[in-house]
Structures are given as C-alpha cells and as structure tokens.
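Novice: The structure follows.
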Amino acid sequence: MTDDTLLSARGLNLRFGNIPALIDVDADLWPGEVLAIVGESGSGKTTLLQVLSGRVAPQSGVVWYRDPEGRLLDVHAMPAPALRALHRSDWGFVHQNPRDNLRMGVTAGGNVGERLMAQGSRHYGRIRAEAIDWLKQVEIDGARVDDLPRVFSGGMLQRLQIARTLVTHPRLVFMDEPTGGLDVSVQARLLDLIRSLVRRLNIAAVLVTHDLAVARLLANRIMVMQRGVVVEAGLTDQVLDDPQHAYTQLLVSSVLSA
Amino acid sequence: MTGYNFAYLDEQTKRMIRRAILKAVAIPGHQIPFGSREMPLPYGWGTGGIQLTAAVLGPDDGLKVIDQGADDTTNAVSIRRFFARTAGVTTTTHTADATIIQTRHRIPELKLTDKQIIVYQVPQPEPLSKLESSRAETRRMHGLAEYGLMHVRLYEDITRFGHVSISYDYPVMVGGRYLMSPSPIPAFDNPKMHMMPALQLFGAGREQRIYAIPPYTTVESLDFDDHPFRTTRAPHACGLCGAADSYLDEVVTDDRGGRLYVCSDTDHCETRRTAGHTGTESPPVDAPAEQAA
Ligand SMILES: Nc1ncnc2c1ncn2[C@@H]1O[C@H](COP(=O)(O)OP(=O)(O)O)[C@@H](O)[C@H]1O
Ligand SMILES: [Mg+2]
Numbered sequence: 000m001t002d003d004t005l006l007s008a009r010g011l012n013l014r015f016g017n018i019p020a021l022i023d024v025d026a027d028l029w030p031g032e033v034l035a036i037v038g039e040s041g042s043g044k045t046t047l048l049q050v051l052s053g054r055v056a057p058q059s060g061v062v063w064y065r066d067p068e069g070r071l072l073d074v075h076a077m078p079a080p081a082l083r084a085l086h087r088s089d090w091g092f093v094h095q096n097p098r099d100n101l102r103m104g105v106t107a108g109g110n111v112g113e114r115l116m117a118q119g120s121r122h123y124g125r126i127r128a129e130a131i132d133w134l135k136q137v138e139i140d141g142a143r144v145d146d147l148p149r150v151f152s153g154g155m156l157q158r159l160q161i162a163r164t165l166v167t168h169p170r171l172v173f174m175d176e177p178t179g180g181l182d183v184s185v186q187a188r189l190l191d192l193i194r195s196l197v198r199r200l201n202i203a204a205v206l207v208t209h210d211l212a213v214a215r216l217l218a219n220r221i222m223v224m225q226r227g228v229v230v231e232a233g234l235t236d237q238v239l240d241d242p243q244h245a246y247t248q249l250l251v252s253s254v255l256s257a
Numbered sequence: 000m001t002g003y004n005f006a007y008l009d010e011q012t013k014r015m016i017r018r019a020i021l022k023a024v025a026i027p028g029h030q031i032p033f034g035s036r037e038m039p040l041p042y043g044w045g046t047g048g049i050q051l052t053a054a055v056l057g058p059d060d061g062l063k064v065i066d067q068g069a070d071d072t073t074n075a076v077s078i079r080r081f082f083a084r085t086a087g088v089t090t091t092t093h094t095a096d097a098t099i100i101q102t103r104h105r106i107p108e109l110k111l112t113d114k115q116i117i118v119y120q121v122p123q124p125e126p127l128s129k130l131e132s133s134r135a136e137t138r139r140m141h142g143l144a145e146y147g148l149m150h151v152r153l154y155e156d157i158t159r160f161g162h163v164s165i166s167y168d169y170p171v172m173v174g175g176r177y178l179m180s181p182s183p184i185p186a187f188d189n190p191k192m193h194m195m196p197a198l199q200l201f202g203a204g205r206e207q208r209i210y211a212i213p214p215y216t217t218v219e220s221l222d223f224d225d226h227p228f229r230t231t232r233a234p235h236a237c238g239l240c241g242a243a244d245s246y247l248d249e250v251v252t253d254d255r256g257g258r259l260y261v262c263s264d265t266d267h268c269e270t271r272r273t274a275g276h277t278g279t280e281s282p283p284v285d286a287p288a289e290q291a292a
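Printed below as a string of structure tokens:
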C-alpha cells in the first residue's frame with residue numbers, strides 16, 4: 000500500500016460452501032479514482048464489494064482504509080461502532096435497488112437530510128435547504144422536497160438515493176450496479192450525472208457493473224473477475240482496447256457483437 | 000396480613016426487580032429486561048408500575064396513585080386499595096405527603112423532592128418502536144447512540160405540520176446518552192423530569208422492561224435549534240382554583256356546549272382551593288376565563 004492509497008485489499012478469499020466467490024483477490028484504490036469491477040453474473044463482484052466495504056468478512060485476507068487523518072484502519076478488525084460511523088460519514092453505499100436504501104414513507108427532504116441529522120445537524124432550516132440543494136444537484140426539482148419517494152419514477156429514486164448518499168460529502172462510495180434495472184435512456188442520463196458528481200466532488204468510487212460500457216464511461220481503472228479470480232486489471236482504456244486475458248477478450252467481443 | 004407476603008410479590012421476585020432497578024439507575028435511560036410476573040389485573044392497567052412499586056415499597060411509606068392526574072379514577076383507586084390491603088401502607092392523595100407516587104399520564108404539579116420516588120406506568124418503553132420494528136436493530140441503535148432516525152421523525156413533523164406534533168410521550172435524551180420514552184405524559188410535563196430531585200422509575204409489564212432516571216439527571220426533549228421544544232397548555236385559567244400555569248382538562252358541563260377548564264392534577268387544585276384560591280366556576284364559552292386569585 001503506497002502512502003496515499005485510500006483503500007487496499009490483499010489476499011482476499013471467501014467461499015460459500017464449495018463455491019469460491021473470491022480467490023486471492025488484491026485491490027487498490029486511490030483518492031478521487033473510480034475503480035470498476037466487471038465480470039459476468041456470479042463472478043464475485045458483489046461479494047468483493049461487500050468485503051471491501053466491511054459488510055461481509057473474508058475468510059482470509061485484509062482490507063485497509065486510510066482515514067482523513069492518514070491513519071490506516073483494518074476494516075475487518077474495527078469495532079462495529081467505528082465501522083458503522085465510517086459508513087455514516089466517510090463512506091457511502093449506493094444499492095442497485097434504491098428501495099433497499101431509501102425510506103419510502105419519509106419525504107425526499109427527510110431522506111436526504113437523514114445522514115446530516117445522524118451526524119448531529121440540528122437546524123431544520125439548514126437541513127432542508129441542503130436537501131433542496133442536493134435534489135437540484137441530482138436534477139430533481141427542489142419543489143419536490145416534501146414529496147414522498149413513492150410517487151417518484153425509477154430513475155428519480157436512484158438519483159434521490161445518490162443525493163441521500165452524497166449529502167455528507169463521503170470520500171469513498173461503493174456502488175453496486177447503480178444503473179441496473181433502468182431503461183437505457185434513463186441509464187445514460189444517470190451515468191452522466193454520476194460521472195460529473197464524482198469528478199466535481201473528487202469522490203473515489205468502487206463500482207460494480209456487468210456492463211463494460213458503464214465501466215468505460217465512469218472508471219479510471221478496471222478489474223475483470225471470473226469465478227472469483229481477478230483475471231486482468233489495469234487502466235480502463237488499456238484493458239478494454241487491448242485485452243490480454245482470453246476471458247476479457249471474450250467479454251469485449253461479446254459487447255461489440257451485441 | 001398473616002399468610003400474605005408484604006406487598007404481594009414474593010421476596011425472590013422483589014430481589015430480581017430490585018436488581019433490575021439498580022442496573023437501570025446505573026445506566027440512566029437504558030432499558031433493562033426483567034421477568035415480569037402475572038399480576039391480578041390486565042396489562043395496560045399498570046402491571047409494570049405495580050411491580051416496581053411493590054419492589055420498593057416499605058412499611059413506613061406513604062403511597063399516592065394517580066391516573067390522568069386524578070386520585071379518584073377506577074385505576075388509581077384499585078391500585079391504591081391493592082397496596083393498602085397487601086402491604087398495609089398508608090395511602091394518601093396529597094403529593095406532599097407521599098413517599099412513593101405511582102402514576103399514569105401525569106407528573107404532579109408540585110415539585111417533587113429527594114425524599115420521593117415516582118413510578119411511571121409504561122405501555123411502550125421503546126421510543127424507536129414506531130420507526131424501527133426490529134428489536135435487535137433498536138438495541139443496536141441505542142448501543143451506538145444512533146438516533147438520527149428520531150430526528151428524521153421530528154423533521155417530517157415540522158415539514159408536514161410546521162411544528163413537532165407529538166403532544167404525548169415526547170422523546171427525551173437522558174444524561175446526554177440514551178433516548179428514552181417518558182411514557183404517555185403530556186409534553187407539558189417533560190421539563191419536570193429534568194434535574195428532578197426525586198428518583199424516577201419506569202415499568203413496562205407487557206414489554207418486560209424497567210428503566211430509570213436517577214435524581215438530578217439531565218433530561219432534554221429532542222428538538223431543532225430553529226424549532227426549539229416548547230410546552231403548550233390550554234390558554235385558560237383553572238375554573239376552580241384559578242391556576243394559570245397548571246395542565247388543564249377540558250370538562251363538558253352541559254349539552255349546550257358549556258365547557259370548564261380544570262386542573263388535571265386534582266390534588267394541586269384542592270390544595271390551592273384550600274389555600275383560598277378561586278376561579279370563575281363556569282365561564283361562558285366565548286369569553287376566556289378570568290384569573291381570580
Ligand atoms: N450469501 C451467499 N451464500 C451462498 N452463496 C453466495 C452468497 N453470495 C454469493 N454467493 C455465490 O457466490 C458467487 C458470487 O456471487 P456474487 O458476488 O453475487 O456475484 P456477482 O455480483 O458477480 O453476480 C455466486 O456463485 C453466488 O451464487
Ligand atoms: Mg452482483
């Protein structure tokens with residue numbers, strides 16, 4: 000791990016019964032960088048994201064996170080309160096299904112404001128103003144701040160989830176197929192939005208996707224997984240333009256022919 | 000009294016409850032599980048409070064029982080009789096004379112002293128129950144002091160109604176650490192809990208939880224800086240004693256819309272009247288009651 004690495008994993012292994020979900024996986028992420036994890040369904044992408052974010056423990060291996068004070072934290076050795084605090088402040092998690100993260104019975108403003116309140120914000124007017132500002136940043140009309148998410152479209156729900164996650168300016172965001180399940184036209188707009196937000200806010204992100212086009216648009220670097228093994232990793236353009244591993248070549252050609 | 004155990008419960012059970020009380024006092028506002036016993040009255044009638052009272056009651060105690068501020072409701076009368084019979088203790092309706100006050104829905108208007116214990120009957124001890132249904136998750140939230148969700152509830156209230164609409168069981172932070180349900184007392188009574196000289200015990204029979212606020216502990220009602228917690232009361236003086244600062248009940252006096260506002264704390268009202276305070280007994284509906292006194 001170099002002096003400025005934000006997140007670093009070494010030798011991760013995890014089996015579910017006789018299914019090897021992760022085999023000797025290493026990963027590194029630098030501040031402000033987007034790392035895509037790609038591979039076909041069942042290759043271990045979500046499992047890797049869960050292990051990197053401390054939500055699922057590996058059977059062996061270690062995940063390091065460097066906090067804003069420069070201290071290295073062993074994510075899986077941290078006390079639960081400290082890890083939860085990290086998830087509330089420095090980190091964010093964007094789920095594929097926004098309903099897994101949003102409170103559907105709470106207004107858009109309350110959803111966006113929750114992390115602020117969890118961090119101790121106690122000024123209603125400022126929380127609301129910040130919620131409106133964030134709704135606008137994710138291209139939702141600020142006038143909808145008092146609406147319940149129930150009446151939002153799928154694309155709006157995903158943007159609301161992003162606002163709710165980014166409102167506390169996390170340094171690191173984990174995203175699992177954030178555009179999955181959305182119409183293609185809605186996907187394109189959301190991808191543009193994610194790209195401009197992570198650039199402008201200088202957020203580092205680990206992004207899981209089975210879609211190489213998504214990886215190409217958003218990611219600086221890419222890791223290709225097959226049956227729990229990272230078969231190839233490198234700069235996104237290099238890997239996708241000149242794939243070395245046969246599996247990556249297959250993925251790239253199947254996208255091209257699709 | 001022979002053949003009966005003092006104050007109904009067997010000594011083993013009382014010891015178990017006292018141990019829970021000690022833990023509760025040691026961790027102000029934290030809910031302690033206890034093995035609630037079958038009591039000769041249904042849940043919701045104060046079985047949690049009765050077990051606490053039985054566990055702390057001694058032969059020299061003076062017991063007062065109030066329900067909605069009144070000493071003379073069926074619930075209050077039957078609990079008082081129950082202890083008069085099973086413990087032979089003196090019972091009283093005078094707040095000042097009581098050493099133990101068991102209550103539902105109110106805190107007496109008279110400032111309690113360090114010689115007194117107040118026992119609250121609690122239907123739902125978990126302040127987060129309406130927001131998070133999983134017990135395991137609420138325990139975790141208490142353990143980590145993750146109370147943002149309760150503020151989301153207040154946020155939603157202000158958004159919808161312009162103010163926090165909780166008028167009973169208004170959530171409080173105890174000792175700057177634990178979020179606590181004060182039981183269904185009016186928010187009007189919340190400030191009385193703050194730095195109270197008396198020991199405050201809370202018992203939930205059905206939910207099998209005991210919690211406590213030791214004397215002189217901070218109790219803050221949750222709020223926002225720009226929407227500070229405020230108590231409200233009916234804008235009237237008591238029609239019987241003229242008190243302008245007590246919590247009032249609205250009493251319908253006839254079938255023509257006649258109304259009377261009277262102290263909900265009956266002992267407070269009687270004490271004032273005995274001291275010579277008077278009110279306009281039956282004010283006309285369209286004119287606010289004049290404060291006598
Ligand atoms: N909790 C679990 N229990 C058992 N098997 C699991 C569990 N989670 C994932 N798996 C298995 O591990 C493999 C990798 O899954 P996953 O990480 O979800 O892949 P991906 O996200 O790439 O589709 C799959 O074979 C999956 O069935
Ligand atoms: Mg997956």
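Here the protein sequences come in this chain order: A and B. Under numbering that gives the first Met the number 0, the very last position in the first sequence is 257; numbers go up by exactly one each time. Under numbering that gives the first Met the number 0, the very last position in the second sequence is 292; numbers go up by exactly one each time. C-beta atoms are modelled at their ideal positions from N, C-alpha and C, and glycine is treated no differently.
Listed by chain order, which residues have C-beta atoms less than 5 Å from any heavy atom of ligand 1?
Specialist: Every residue passing the under-5 Å Cβ criterion appears here: A:Phe-15, A:Ile-18, A:Ala-20, A:Ser-40, A:Gly-41, A:Ser-42, A:Gly-43, A:Lys-44, A:Thr-45 and A:Thr-46.
Novice: Could you check the C-alpha separation between Ala-6 (chain B) and Ala-211 (chain B) for me, to the nearest Å?
Specialist: If I take the Cα positions, the gap works out to 21 Å.
Novice: Within 8 Å (strictly less), CB to CB, does Ile-131 (chain A) reach chain B?
Specialist: Not closer than 8 Å to any Cβ of chain B, the Cβ of Ile-131 (chain A) fails to qualify, so no.
Novice: With respect to the alpha helix (DSSP H) encompassing Gly-48 (chain B), which residues constitute its N-terminal and C-terminal limits?
Specialist: Unbroken alpha helix (DSSP H) run through Gly-48 (chain B): 46-55.
Novice: Give me whichever residues DSSP pairs with Gly-278 (chain B) in a beta bridge.
Specialist: Answer is none; Gly-278 (chain B) lacks a bridge partner.
Novice: Please list, in chain order, the chain B residues whose beta carbon lies closer than 8 Å to that of Arg-83 (chain A).
Specialist: Correct list: Leu-143 and Glu-145.
Novice: Under the three-state reduction of DSSP, which class applies to Gln-11 (chain B): helix, strand or coil?
Specialist: Three-state result, Gln-11 (chain B): helix.
Novice: If we count the other Cβ atoms within 10 Å of its Cβ and call it buried at 16 or more, is Gly-256 (chain B) buried or exposed?
Specialist: Burial call: exposed.
Novice: What does Ala-117 (chain A) reach in chain B if we use C-beta pairs closer than 7 Å?
Specialist: What Ala-117 (chain A) touches in chain B: Glu-145 and Gly-147.
Novice: At 7 Å on the CB atoms, spell out the chain B contacts of His-122 (chain A), in chain order.
Specialist: Under the 7 Å cutoff, chain B gives Phe-223, Asp-224 and Asp-225.
Novice: Say the cut is 7 Å; is the CB of Glu-176 (chain A) nearer than that to a heavy atom of ligand 2?
Specialist: Checking the Cβ of Glu-176 (chain A) against ligand 2 gives yes.
Novice: Would the stretch 18-37 of chain A count as touching the stretch 211-228 of chain A if we require 3 or more Cβ pairs under 8 Å?
Specialist: The stretch 18-37 of chain A, when compared against the stretch 211-228 of chain A, does touch it at the 8 Å Cβ threshold.
Novice: Output the boundary residues of the alpha helix (DSSP H) element that contains Val-229 (chain A).
Specialist: Here Val-229 (chain A) belongs to no alpha helix (DSSP H); instead the beta strand (DSSP E) covers 228-234.
Novice: Measuring alpha carbon to alpha carbon, tell me which residue in B:Phe-81, B:Leu-109 and B:Thr-46 is nearest Asp-266 (chain B).
Specialist: Looking at the Cα atoms, B:Leu-109 is the closest of the given residues.
Novice: By a C-beta neighbour count over all protein chains shown, 10 Å radius and 16 as the cutoff for buried, is Ser-35 (chain B) buried or exposed?
Specialist: Per the 10 Å Cβ criterion, buried.
Novice: How is the alpha helix (DSSP H) around Ile-161 (chain A) delimited, first residue to last?
Specialist: 153-165 is the span of the alpha helix (DSSP H), which, as asked, contains Ile-161 (chain A).
Novice: On the three-pair Cβ rule with 8 Å, is the stretch 150-169 of chain A touching the stretch 124-141 of chain A?
Specialist: The stretch 150-169 of chain A is in contact with the stretch 124-141 of chain A.
Novice: Span of the alpha helix (DSSP H) holding Ala-26 (chain A)?
Specialist: Ala-26 (chain A) -> not in any alpha helix (DSSP H); beta strand (DSSP E) instead, spanning 18-28.
Novice: Which residues in chain B sit within 9 Å of Glu-113 (chain A), going by Cβ to Cβ distance?
Specialist: The answer, in chain order, is Gly-147, Leu-148, His-150, Val-151 and Tyr-154.
Novice: Identify each residue in the stretch 99-112 of chain A for which the Cβ-Cβ distance to at least one residue of chain B is less than 8 Å, and report them in chain order.
Specialist: Of all residues in the stretch 99-112 of chain A, Arg-102, Val-105, Thr-106, Gly-108, Gly-109 and Gly-112 have a Cβ within less than 8 Å of some Cβ in chain B.
Novice: For Thr-46 (chain B), I'd like the list of residues in its chain whose CB is within less than 6 Å of its CB, leaving aside the five on either flank, ordered along the chain.
Specialist: Result list for Thr-46 (chain B): Met-38 and Gly-204, in chain order.
Novice: Name the DSSP bridge partner or partners of Pro-185 (chain B)?
Specialist: According to DSSP, which records beta bridges pairwise, Pro-185 (chain B) is partnered with B:Tyr-167.
Novice: On a Cα-Cα basis, can you pick out the residue from B:Ser-77, B:Phe-81, B:Gly-68 and B:Thr-91 that is closest to Thr-102 (chain B)?
Specialist: For Thr-102 (chain B), the nearest C-alpha among the options comes from B:Gly-68.
Novice: Check whether the Cβ of Asp-146 (chain A) lies closer than 8 Å to any Cβ atom in chain B.
Specialist: Judged by the 8 Å Cβ criterion, Asp-146 (chain A) is not in contact with chain B.
Novice: Tell me which residues of the stretch 56-85 of chain A have at least one Cβ-Cβ distance to chain B shorter than 7 Å, keeping chain order.
Specialist: The stretch 56-85 of chain A vs chain B, Cβ under 7 Å: Pro-80 and Arg-83.
Novice: Find the residues of chain C that neighbour Ile-126 (chain A), judging by a C-beta separation of less than 7 Å, and give them in chain order.
Specialist: Absent from the structure: chain C. Protein chains present are A and B.
Novice: Would you give the residue range spanned by the beta strand (DSSP E) that Thr-112 (chain B) belongs to?
Specialist: Note, Thr-112 (chain B): premise wrong, no beta strand (DSSP E); not H, not E.
Novice: Tell me whether Arg-138 (chain B) is buried or exposed, calling it buried when 16 or more other Cβ atoms sit within 10 Å of its Cβ.
Specialist: It is exposed - the Cβ of Arg-138 (chain B) has fewer than 16 other Cβ atoms within 10 Å.
Novice: Of the choices B:Lys-129, B:Leu-221, B:Phe-201 and B:Phe-223, whose alpha-carbon is the least far from that of Pro-213 (chain B)?
Specialist: Among B:Lys-129, B:Leu-221, B:Phe-201 and B:Phe-223, the Cα nearest to that of Pro-213 (chain B) is on B:Phe-201.
Novice: Helix, strand or coil, according to DSSP, for Asp-240 (chain A) in the structure here?
Specialist: Helix, per DSSP.
Novice: Name the DSSP beta bridge partners of Thr-90 (chain B), please?
Specialist: Per DSSP, B:Leu-62.
Novice: How would you call Ala-203 (chain A), buried or exposed, if buried means at least 16 neighbouring beta carbons within 10 angstroms?
Specialist: Answer is buried; the Cβ neighbour count reaches 16.
Novice: Starting from Ile-106 (chain B), find everything on chain A with Cβ-Cβ shorter than 7 Å and list it in chain order.
Specialist: The premise fails here: Ile-106 (chain B) is roughly 26 Å from chain A at the closest Cβ pair, so nothing lies under 7 Å.
Novice: Answer yes or no: the CB of Val-137 (chain A) versus the heavy atoms of ligand 2, is any distance below 7 Å?
Specialist: Incorrect: Val-137 (chain A) has no Cβ contact closer than 7 Å to ligand 2.
Novice: Where does Met-149 (chain B) fall in DSSP's three states?
Specialist: In the structure shown, Met-149 (chain B) sits in a helix (DSSP, three-state: H, G or I).
Novice: When the Cα atoms are used, what is the spatial distance from His-150 (chain B) to Asp-222 (chain B)?
Specialist: The alpha-carbon atoms of His-150 (chain B) and Asp-222 (chain B) are separated by roughly 8 Å.
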